[in-house]
Amino acid sequence: MKLTNEEKRGVLVVRVENERLDAHIASDFRQAMSDHIERGHARLVLDLVAVNFIDSSGLGAIVAVLKKLGGKGALVISGLHDSTLAMFKLTRMDRVFSLYDDIDAAVTAVSG
Amino acid sequence: MDSIRLKIDSRADQVALAGRCIHALSKVVVGERAAFEIELAACEVINNVIEHAYECREGNDILIEWIHRDGELQIDVHDWGRAVPADVLFSPLPDIDHGDVTNLPEGGFGIGLLNALSDRVEYRTDEDEGRNTLSLFRRFDAAGISR
């Protein structure tokens, strides 16, 4: 699994560099994101522009990260493609997460 | 009828190989969107086999058959592990209360997605061979338009 991290206007932007966020990497992804939260990052953008496939394990890991925040902060998503957006819509997670076309729009929304 | 068989080991890193093959084959028949949905449904089945039938033990065979006949794609996933209770396999997607983040489900989506993305799902166990088979079916019209 490969994640790249960048801080923009007080927001941690985490980009998943793998093409697939699936059962193979879901556990490592969840742990890495939890580590960020435990280090004090509470406003996060998850950029999925490099991801073209998310399965239920990947989606469950993203939900777990949101729950880890415990309502103190924000986790929003940027860069979904048609296939990954379809996953959020099928599971109705598009109502749970705020979705943005690109990182800048997501950072602006979260930076407050 | 056209068909092809794929065999992978019961490892999470092998699922993508099967998924990409299923996607590429299906895309020719039903187009990109339905191919993605068929890939997702099949990968959920294969993940389920690894986790439940083989209890995450590597070194076990998973045989996948992609079958194309008039107006229908069928994906069969065979395993030689523990049979899954039939009632588990027909669960819908979990309900989401988007205002209640604390109680959002982190799991239980896989089988729901399988059922949502398939026109029909069948499951059978061959007791003599110790083989379980899950078949998912997806219909399409003469123009290749799925549902």
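From first to last, the protein sequence lines stand for chains A and B.
Residue 36 is where the first sequence starts when you use our numbering, and the numbers rise one by one after that.
Residue -17 is where the second sequence starts when you use our numbering, and the numbers rise one by one after that.
Even glycine gets a Cβ: it sits at the ideal position worked out from N, Cα and C.
Note that this is a predicted model, so its numbers are computed, not measured.
First through last residue of the alpha helix (DSSP H) which encompasses residue i
| i | result |
| --- | --- |
| B/Ile46 | Counting along the chain, B/Ile46 falls outside any alpha helix (DSSP H), though it belongs to the beta strand (DSSP E) covering Asp43 to Arg51. |
| B/Thr107 | It is not in any alpha helix (DSSP H) - B/Thr107 instead sits in the beta strand (DSSP E) that spans Arg102 to Asp108. |
| B/Asp123 | First-last for B/Asp123: undefined, no H or E at that position. |
| B/Ile93 | Phe91 to Leu99 |
| A/Arg65 | Ala61 to Glu73 |
| B/Asn30 | Glu14 to Asn30 |
| A/Phe120 | Per the sequence presented here, residue 120 of chain A reads as Leu, with Phe not at that position. Note, A/Leu120: alpha helix (DSSP H), Asp117 to Leu125. |
| A/Thr143 | Ile138 to Ser146 |
| A/Ile97 | Ser91 to Lys103 |
Proximal chain A residues relative to residue i, where beta-carbon distance stays under 8 Å
| i | result |
| --- | --- |
| B/Gly92 | Asp90, Ser91 and Ser92 |
| B/Ala98 | Leu125 |
is_contact[residue i, chain B] using C-beta, thresh 8 Å
| i | result |
| --- | --- |
| A/Leu125 | yes |
| A/Gly114 | no |
| A/Ala121 | yes |
| A/Ala67 | no |
| A/Asp57 | yes |
| A/Gly95 | yes |
| A/Val111 | no |
| A/Gly106 | yes |
| A/Val98 | yes |
Limits of the beta strand (DSSP E) - the one that residue i falls within
| i | result |
| --- | --- |
| A/Ile112 | Ala109 to Ser113 |
| B/Ile(-14) | Asp(-16) to Asp(-9) |
Beta carbon proximity, residue i to chain A, threshold 8 Å
| i | result |
| --- | --- |
| B/Val83 | yes |
| B/Gly13 | no |
| B/Gly41 | no |
| B/Asp(-5) | yes |
| B/Cys25 | yes |
| B/Gly63 | no |
| B/Asn29 | yes |
| B/Gly89 | yes |
Within chain B, the residues that residue i reaches when beta carbons sit closer than 8 Å
| i | result |
| --- | --- |
| A/Leu101 | Val83 and Leu86 |
| A/Arg130 | Ile78 and His80 |
Contacts that residue i makes with chain A (C-beta to C-beta distance below 9 Å)
| i | result |
| --- | --- |
| B/Ile165 | Here chain B has residues from -17 to 129 only, and residue 165 of chain B is not among them. |
| B/Ala(-2) | Glu54, Arg55, Asp57, His59 and Phe88 |
| B/Leu75 | Leu125, Thr126 and Arg127 |
| B/Leu22 | Phe88, Ile89, Asp90, Ser91, Ser118, Ala121, Met122 and Leu125 |
Straight-line Cα distance separating residue j from residue i
| i | j | result |
| --- | --- | --- |
| A/Ala141 | B/Val31 | 37 Å |
| B/Tyr36 | B/Arg(-7) | 10 Å |
| B/His60 | B/Arg(-13) | 11 Å |
| B/Arg113 | A/Arg44 | 56 Å |
| B/Pro76 | A/Leu83 | 24 Å |
| B/Leu96 | A/Ala109 | 30 Å |
| A/Gly105 | B/Leu86 | 12 Å |
| B/Gln(-4) | A/Ile97 | 22 Å |
| A/Thr119 | B/Trp48 | 23 Å |
| B/Gly89 | A/Ser92 | 7 Å |
| A/Leu134 | A/Gly114 | 8 Å |
| B/Cys38 | A/Asp63 | 16 Å |
| B/Tyr105 | A/Ala85 | 35 Å |
| A/Arg65 | B/Val70 | 26 Å |
Close-in-space but distant-in-sequence residues of the same chain around residue i (CB under 8 Å, 5 per side omitted)
| i | result |
| --- | --- |
| B/Ser100 | Ala23, Leu118, Phe119 and Arg120 |
| A/Glu42 | Val48 |
| B/Lys(-11) | Asp43, Ile44, Leu45 and Ile46 |
Proximal residues to residue i (C-beta, below 7 Å), its chain only, five neighbours per side dropped
| i | result |
| --- | --- |
| A/His116 | Asn87 |
| A/Leu94 | Met122, Thr126 and Met128 |
| A/Asp90 | Asp57 and Ala58 |
| B/Asn29 | Val(-3) and Gly92 |
| B/Arg(-1) | It should be noted that the sequence gives Leu, not Arg, for residue -1 of chain B. For B/Leu(-1), where only same-chain residues beyond five positions count, the Cβ hits under 7 Å are Ile(-10). |
Proximal chain A residues relative to residue i, where beta-carbon distance stays under 7 Å
| i | result |
| --- | --- |
| B/Leu95 | Ser91 and Leu125 |
Cβ-based neighbour list, residue i, same chain, cut-off 6 Å, excluding 5 preceding and 5 following
| i | result |
| --- | --- |
| A/Ser69 | Lys103 |
| B/Gly1 | Glu21 and Cys25 |
Closer than 7 Å: residue i CB and nearest the ligand ADP heavy atom
| i | result |
| --- | --- |
| A/His59 | Inclusion of the ligand ADP in the displayed structure is not the case, the ligand content being empty and no account of it being possible. |
Proximal chain B residues relative to residue i, where beta-carbon distance stays under 7 Å
| i | result |
| --- | --- |
| A/Ser118 | Phe18 |
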